[in-house]
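Chemist: Sharing a structure below in structure tokens format, with a few things to ask.
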Amino acid sequence: MLIKNVVITLIFCSMAFAHVGEHASIHDTVHNIKQRLRQKIFDINRLQTMSATELHSHLTQEERKILGSEHLSFVTNTALDVYVAKDIRFQDGPFWLQERNFQKTSWTFATNNTTYQVWKKTFPRGWVGLGVNSLSGDNKHYFVVLCAKDKKTNIKLDKVYPGQHNEGIVQIGESPYVDFPDKLTQIPQELQGKMLLRTMQERSNVAKLAGIFTDTNYPASIHPDQIVLTWGADPRTTQSVQWRTSKEVNSGMVRYREQSATQWEFLQAKTKKLETPETVNDPVINRHSAHLTNLKPGTTYQYSVGNGNSDNWSKTFEFTTAPQNPQSFSFVYMGDAQNGLDTWGKLLANSFQAQPNAAFFVMAGDLVNKGAERFDWDHFFHSAGDIFSQRPIVPAIGNHEMHGGYPTLYREMFKLPRNGPDTTWIDPERAYSFEYGNACFIVLDTNTLIDFQTKWLEERLKNTKALWKFVIYHHPAYSPRPSINNTYISAVWGPIFDKYHVDVALQGHDHSYMRTHPLKNHKKAPTANEGTIYVVSVSGTKFYSQNPYKNGAVSFTNVSTYQLLDIQIEGRKLIYKAYDINGVLKDEFVIEK
Ligand SMILES: [Fe+2]
């Protein structure tokens, strides 16, 4: 079954296409609706409490058409009966079922906790487009069953959008979702054995309009804040800086100098307006980003940001470029922050205080809970204090950054290396890599096409001369709850990690702590020099339970941790330690090469 899914997904992924037609995408359509609602309805309480039914009355015909047909699409080789199984808790949604003459059947599906009502429509050969789940963002996503009108013809799907959707068979125990562990417990006899098109539960809020209009507790001002360091290229010679201001400040400047110098150098930033109509008290801000180049390796610089006027400079911070030649260094890795950002901020502050020499902070996705809503990002940066102004953040994209169907705000927040996979398929900065000292870091995006990152991943691992290799991604190949291991990731990337010997995979998503034994070919390897250690951790305050796992070396839950990975040149050694918020050591291991 695993191999079958791999093959099917490979086919589907290779056929992934963006939205069809010349008109606005779902994302742009939703953005335009938000903007119009803000302009038309000034009463925030009313906006915030509008029901999905009332929201519908504000949609134009064109918007209803796009939202009702371009969320999920494919091209079929033969005429089909298309069955949409929708969460029975929806009174009348998805809205497009009736509008587009789908017929309600008497059939139902069930999983452990949800009942689905089945609607049907016949489509001719060609393009089939289905709409969004709801404007409320509530309830389970619908899934789809396909039956060929001509029973002798095998269904072949082409241009499946989004490409992550994959194919299964309607049977008890089958999951109707690509990304959620629900399993079918009851199926209509008539649909037994038919083709299932698995959908993505996390796309249920792509068109969420209800209850999104809210204030940010941390609005922008004319004074720069959210000053964040990232790397957009080689950490030895470059440094990216980004920050925000209110819209009144429409230009940005970085001044910087070596620690020992007296004269500042200046670099004009790129300034971009960021409009988030759902942020009621601060809907438009400016974000500024600058990419410093030709820096000296292994050198500490001072910098501050402003708009170039002498009275507008931020506090002066320092950053240090990566050394030219490998030296011992350490970095911090954290799992999901997402919930409990205030507590996460304390964990981050404690980690920085305890590990002031850590060169950078890796975050393995789900930095925030509501990735499409700016108030949550403002809370994240507020909780981080000045730490990312002093040490670069190395982020990966989690499913919560994907709210709204695309990591729009994440991509506005972080300038990252544009050295990832072919951008025909994977947008720049979603996956990237860099080298620091004698270590290679490869950040992957498990929310998007796995297969289209694989060749790049392999080339990157093949070509690096680094002694240490780390991969960073959100959805764990090996999870503290093995029943939800992402077997597709371990099947496709695992052999590559094995072949080129990745030392440690830094993962997130499962809201507890787990470190595996070194694994090779999905089995315990004798030593860490022969297998990859997979870690899941959580830095926020949402915790999941665990199941016993034979490959788990250390597991615990209900504890937020940060991990220090200390790479020592002497002895070719990696010393790994996991600490809780009070600095109590929770796990450790050493790898020597
Ligand atoms: Fe997650």
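Residues -20 to -1, 1 to 573, numbered by mature numbering (1 follows the signal peptide of the UniProt record, and there is no 0), are exactly what the sequence shown covers, in order. Beta carbons: idealized from backbone N, C-alpha and C, even for Gly. Quick caveat, the model's predicted, so the values are computed rather than measured.
(1) Note down, in chain order, each residue of its chain lying with its Cβ closer than 6 Å to the Cβ of F82, except the 5 sequence neighbours on either side.
(2) Closer than 7 Å by C-beta to F193: which residues in its own chain qualify, once you throw out the five before and the five after it? Chain order, please.
(3) Assuming I46 is part of the alpha helix (DSSP H), what are its boundary residues?
(4) Could you please give the first and the last residue of the uninterrupted alpha helix (DSSP H) stretch that includes N443?
(5) In this structure, what does DSSP give as the bridge partners for M343?
(6) Would you list the residues whose beta-carbon is nearer than 5 Å to any heavy atom of ligand 1, in the order they occur in the chain?
(7) Under 8 Å between the Cβ atoms of G345 and H454?
(8) I need the straight-line Cα distance from E228 to K566, nearest angstrom please.
(9) Does the Cβ of G488 have 16 or more other Cβ atoms within 10 Å, making it buried, or fewer, making it exposed?
(10) So if DSSP puts T273 in a beta bridge, which residue, or which two residues, is it bridged to?
(11) I need the boundaries of the beta strand (DSSP E) containing D61, first residue and last residue.
(12) Can you grab the Cα-Cα spacing for the pair V516 / T444, in whole Å?
(13) Can H268 and G232 be called in contact, C-beta distance under 8 Å?
(14) Please state whether the Cβ-Cβ distance between K163 and A59 is less than 8 Å.
(15) With 16 as the cutoff for other CB atoms within 10 Å, does T210 come out buried or exposed?
(16) Rounding to the nearest angstrom, what Cα-Cα distance links V348 and T133 in this structure?
(17) Any heavy atom of ligand 2 closer than 7 Å to the beta-carbon of E182?
(18) Report the three-state DSSP secondary structure of D138 (helix, strand or coil).
(19) What is the DSSP secondary structure of G1, reduced to helix, strand or coil?
(20) Quick one: what's got a C-beta closer than 6 Å to W107's C-beta in the same chain, skipping five residues either side?
(21) Would you identify the three-state DSSP class for T388, choosing helix, strand or coil?
(22) Do three or more CB pairs link the segment 503 to 511 to the segment 294 to 308 at distances below 8 Å?
(23) CA-CA distance, V534 and A508?
(24) Please report how far the alpha carbon of S201 lies from the alpha carbon of V312, in whole angstroms.
(25) Starting from D478, trace the alpha helix (DSSP H) in both directions and tell me its first and last residue.
(26) When you compare the segment 233 to 241 with the segment 275 to 289, are there three or more beta-carbon pairs, one atom per stretch, that lie closer than 8 Å?
(27) Indicate whether the contact test is met: 3 or more Cβ pairs, each with one atom in the segment 164 to 171 and one in the segment 207 to 222, closer than 8 Å.
(28) Buried or exposed for P387, going by 16 or more other Cβ atoms inside 10 Å?
(29) So, does the segment 178 to 188 touch the segment 112 to 121, judging by three or more C-beta pairs under 8 Å?
(30) Using the Cα positions of I(-18) and N562, report the straight-line distance between them to the nearest angstrom.
Modeler: Looking at the atomic coordinates:
(1) Its chain contains W99 and K101 as the residues whose beta carbon lies nearer than 6 Å to that of F82, once the 5 sequence neighbours on both sides are disregarded; these appear in chain order.
(2) I24, L27, Q28, E258 and V260.
(3) Looking at the DSSP string, the run of the alpha helix (DSSP H) that includes I46 is Q41 to L47.
(4) Unbroken alpha helix (DSSP H) run through N443: D431 to N443.
(5) Paired residues: M314 and P375.
(6) Here the list is D346, G378, N379 and H489.
(7) Taking 8 Å as the Cβ cut-off, G345 and H454 qualify as a contacting pair.
(8) Going from the Cα of E228 to the Cα of K566 covers about 47 Å.
(9) Buried, by the Cβ-count rule.
(10) Bridge pairing for T273: absent [DSSP].
(11) Its beta strand (DSSP E) spans residues L60 to D67.
(12) So the two alpha carbons sit approximately 25 Å from each other.
(13) In this structure, H268 lies near G232, with their beta-carbon atoms less than 8 Å apart.
(14) No, these two residues do not count as a Cβ contact at 8 Å.
(15) Classification of T210: buried, given that the 10 Å Cβ count is 16 or more.
(16) Here the alpha carbons of T133 and V348 stand approximately 46 Å from one another.
(17) In the structure on display, ligand 2 does not appear, and the ligands it does have are ligand 1.
(18) Note: D138 maps to strand in three-state DSSP.
(19) Note on G1: pLDDT 48, under 50, position unreliable in the model; the coordinate value appears next. In this structure, G1 counts as coil in the three-state DSSP scheme.
(20) Taken in chain order, the residues that qualify are V55.
(21) Three-state DSSP puts T388 in a helix.
(22) Because the criterion of three Cβ pairs below 8 Å is not met, the segment 503 to 511 and the segment 294 to 308 do not touch.
(23) V534 and A508 have their alpha carbons spaced roughly 15 Å apart.
(24) About 31 Å.
(25) Run containing D478: G474 to Y480, per the alpha helix (DSSP H) assignment.
(26) Contact between the segment 233 to 241 and the segment 275 to 289 is present, because at least three Cβ pairs lie under 8 Å.
(27) By the Cβ rule, the segment 164 to 171 does not count as touching the segment 207 to 222, because fewer than three pairs are nearer than 8 Å.
(28) Classification for P387: buried.
(29) Taking a cut-off of 8 Å for Cβ pairs, the segment 178 to 188 and the segment 112 to 121 touch, as three or more such pairs fall below it.
(30) For I(-18), the predicted structure reports a pLDDT of 33, less than 50, and the residue's modelled location is therefore unreliable. A value from the coordinates is still provided. Taking the Cα positions, I(-18) is about 45 Å away from N562.
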